[in-house]
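Colleague: Structure below; questions to follow.
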Amino acid sequence: MRSDFLKGMTHGIPIALGYISVSFGFGIAAVRAGLSVAAAVGISASNLTSAGQAAGVEIIAAGGTLIELALSQLVINLRYSLMGLSLSQKLDDSFTVPHRLLASFGITDEIFAVAAAQPGKLKPSYMYGLILIAALGWTGGTLLGAVAGQALPQMFTAAMGILLYGMFIAIIIPPSRKSRSVFGAVLIAALISLLFKFVFTKISVGFAIIISASVAAAVMALIAPVPDDEEEEQS
Amino acid sequence: MSIVVYIAVMAIVTYLIRMLPLTLFRSKIKSKFLRSFLKYIPYTVLSAMTFPAIFYSTGNVITATVGTVAALITAFFGLPLIVVAAAAAGTALIAGLFIL
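Chains as they are written, first to last, in my numbering: chain A, 1 to 235; chain B, 1 to 100.
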C-alpha cells in the first residue's frame, strides 16, 4: 500500500517537472490577462488541465458567458472521458466507487499515459501518489509564474506567454508526422480557426475553438475512421 | 460575474467529464464515428487553440513568429515538451532583445 504510493510519487516526478515549466507560463499568461494570483492558482488546483485552463482564461478575460465557458471545457477536455474509459478497464478490484470518484480528478494526458503504460492492474494508492506529485508541480508552477508575472520585466513575461503554445505544438507535431489523417485534422482545425480570427470575427474565442475542433474532428472521423486495431495504442 | 463562479463552472464541468466515464462505464464505445471523433479531438483542439493565437502570445507578432518557428522545428525532430516550450520562449525573448 505504502510502497505503491511511493512508486506512484516517483513516477510523478518527471511529469511534475514538465508541468512546472508549462504552468509557469500559464501563471504568467493568467496574470497578464488580468486575473489575480489567487485566481490563477485556484484554477490550476481545481482544474488540472492545460488547454482547458488556457481557453478558460481567454474566455474569462473576454467577459464570455458561463455557457460558453462550460461548452469550451466540455469540448476541449472531452478527451479525458476517453482516457477515463480506457483506465476503467485497467483498475484493480480495490478501486471501489469512492476511489474512482477521487482518482478521476487526476486524469490528464501525461498521468493517463504513465498509468496506462503500467504492467498489470492499477491500485488506488499508486494513482494517488502519481496524481499528488503531478498536481503539486502544476499548481506550484502556476503560483511561481503568477508571482513572477508581477515581478519580472515585461519583456521577459511577454516572451513566456508562448510557453503553453510551445507545449501544444510539441504534442501535435510528432503524431502529425506519423499519421496523415492526424495531420489533416490539425490542418483543418487551424484553417477554420484562422477563418474565425479574420473573417467571422463576431464569433467569440471559446465558440471559435469549439466549432473549429469539432468540425475538423468530425470531418476526419468521416474521411478516415480509426481502424479497430489502432484503437488500443491511440486511446 | 464573480471569478469564483467562473472557476467553479470550469472545475465542475472538467471533473464530470473525467469522473462519469471512469465511474460508470465498464464497456467500450460501439460507434466507430464517435471513437474516431474522440481520437481526433485532442489534436484539433490544440491546433485550433494554437493557431493563430500563438502569433499574438508575446504581444509582438515578430517575436511570436520566431518562437513559433523554433517550436515547429524542435517539435518536428520529436524533442521533449519542455525543450520545445523553452525553445519557443527563449528565441522569442532573444528576438525581443534585438528588435524592441
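Beta carbons are placed, not taken as given, at the ideal position from N, Cα and C, and that holds for glycine.
#1: Check whether the Cβ atoms of ALA126 of chain A and GLY8 of chain A sit closer than 8 angstroms, and answer yes or no.
#2: Taking its Cβ as the centre, do 16 or more other Cβ atoms sit within 10 Å of VAL97 of chain A, making it buried, or is it exposed?
#3: Can you name the residues of chain A whose CB is closer than 9 angstroms to the CB of LYS32 of chain B?
#4: Less than 8 angstroms between the CB atoms is what I'm expecting for ALA51 of chain A and PHE168 of chain A, so what's the real figure, rounded?
#5: If you reduce the DSSP assignment to three classes, tell me which class LEU122 of chain A lands in.
#6: Taking only three categories from DSSP, how would you classify LEU244 of chain A?
#7: Apart from the five residues on each side of it in sequence, which residues of its chain come closer than 8 angstroms, Cβ to Cβ, to GLN150 of chain A?
#8: Of all Cβ atoms in chain B, is any one closer than 8 angstroms to the Cβ of TYR128 of chain A?
#9: What are the residues in the segment 39-50 of chain B lying within 9 angstroms of chain A by C-beta distance?
#10: Do you know how far the Cα of PHE98 of chain B is from the Cα of PHE105 of chain A?
#11: With distances taken Cα to Cα, identify the nearest neighbour of THR50 of chain B among B:ALA85, B:ILE7 and B:SER36.
#12: Sort A:GLY120, A:GLY145, A:THR157 and A:LEU102 by Cα distance to MET19 of chain B and report the nearest one.
#13: At the 8 angstroms Cβ level, is GLU232 of chain A part of the contact set with chain B, yes or no?
#14: For GLU110 of chain A and GLY12 of chain A, what's the separation of their Cα atoms in angstroms?
#15: Drop a sphere of 10 angstroms on the beta-carbon of PRO119 of chain A, count the other beta-carbons inside from all chains shown, and report buried for 16 or more, exposed for fewer.
#16: When the Cα atoms are used, what is the spatial distance from TYR19 of chain A to THR49 of chain A?
#17: Report all residues from its chain with a CB closer than 8 angstroms to the CB of LEU71 of chain A; omit the five preceding and five following residues, and keep chain order.
#18: Tell me the DSSP secondary structure of LEU46 of chain B in three-state form.
Modeller: Taking the structure as given:
#1: Along the first sequence, read from residue 1 onward, the residue named residue 126 of chain A stands at position 126. Along the first sequence, read from residue 1 onward, the residue named residue 8 of chain A stands at position 8. One detail in the question is off: residue 126 of chain A reads as Tyr in this sequence, not Ala. In this structure, GLY8 of chain A lies closer than 8 angstroms to TYR126 of chain A by Cβ.
#2: Position 97 of the first sequence holds residue 97 of chain A. The residue in question, VAL97 of chain A, is exposed, as its Cβ has fewer than 16 Cβ neighbours within 10 Å.
#3: Taking the first residue of the second sequence as 1, we reach residue 32 of chain B at position 32. Simply ALA221, PRO225, VAL226 and ASP228.
#4: The residue you call residue 51 of chain A lines up with position 51 of the first sequence. The residue you call residue 168 of chain A lines up with position 168 of the first sequence. About 7 angstroms separates the beta carbons of ALA51 of chain A and PHE168 of chain A, which is inside the 8 angstroms limit, making them a contact pair.
#5: Residue numbering aside, residue 122 of chain A sits at position 122 when the first sequence is read from its first letter. In this structure, DSSP gives LEU122 of chain A an extended state, which the three-state scheme calls strand.
#6: This structure gives no information on residue 244 of chain A, because the portion of chain A shown stretches from 1 to 235.
#7: Counted from its first residue, the first sequence places residue 150 of chain A at position 150. Excluding sequence neighbours, GLN150 of chain A sits near VAL31 and VAL37.
#8: On the first sequence, residue 128 of chain A is found 128 positions in, with the first residue counted as 1. No, TYR128 of chain A does not count as interfacial toward chain B.
#9: Of all residues in the segment 39-50 of chain B, only LYS39, TYR40, ILE41, PRO42, TYR43, THR44, VAL45, LEU46, SER47, ALA48, MET49 and THR50 place a beta-carbon less than 9 angstroms from a beta-carbon of chain A.
#10: To locate residue 105 of chain A, count along the first sequence from 1; it is residue 105. To locate residue 98 of chain B, count along the second sequence from 1; it is residue 98. Whole-angstrom Cα-Cα distance: 44 angstroms.
#11: Residue numbering aside, residue 50 of chain B sits at position 50 when the second sequence is read from its first letter. Checked all of B:ALA85, B:ILE7 and B:SER36; the closest Cα to THR50 of chain B is B:ALA85.
#12: In the second sequence, residue 19 of chain B corresponds to position 19, counting from 1. The residue with the shortest Cα to Cα distance from MET19 of chain B is A:LEU102.
#13: Here residue 232 of chain A is taken as the residue at index 232 of the first sequence, counted from 1. Because GLU232 of chain A sits at a pLDDT of 45, beneath the cut-off of 50, its placement in the model cannot be relied upon, and the following sentence gives the value as read from the coordinates. No, its Cβ sits nowhere closer than 8 angstroms to a Cβ of chain B.
#14: Position 110 of the first sequence, counted from the first residue, corresponds to residue 110 of chain A. Position 12 of the first sequence, counted from the first residue, corresponds to residue 12 of chain A. The straight-line gap from Cα to Cα measures roughly 9 angstroms.
#15: As a working mapping, residue 119 of chain A is identified with position 119 in the first sequence. PRO119 of chain A is exposed by the Cβ-count criterion.
#16: The sequence position of residue 19 of chain A within the first sequence is 19, counting from 1. The sequence position of residue 49 of chain A within the first sequence is 49, counting from 1. Rounded to whole angstroms, the separation of the alpha carbons of THR49 of chain A and TYR19 of chain A is 10 angstroms.
#17: What you label residue 71 of chain A is simply residue 71 of the first sequence in a count that begins at 1. GLY206, PHE207 and ILE210, listed in sequence order.
#18: To locate residue 46 of chain B, count along the second sequence from 1; it is residue 46. LEU46 of chain B falls in the helix class under three-state DSSP.
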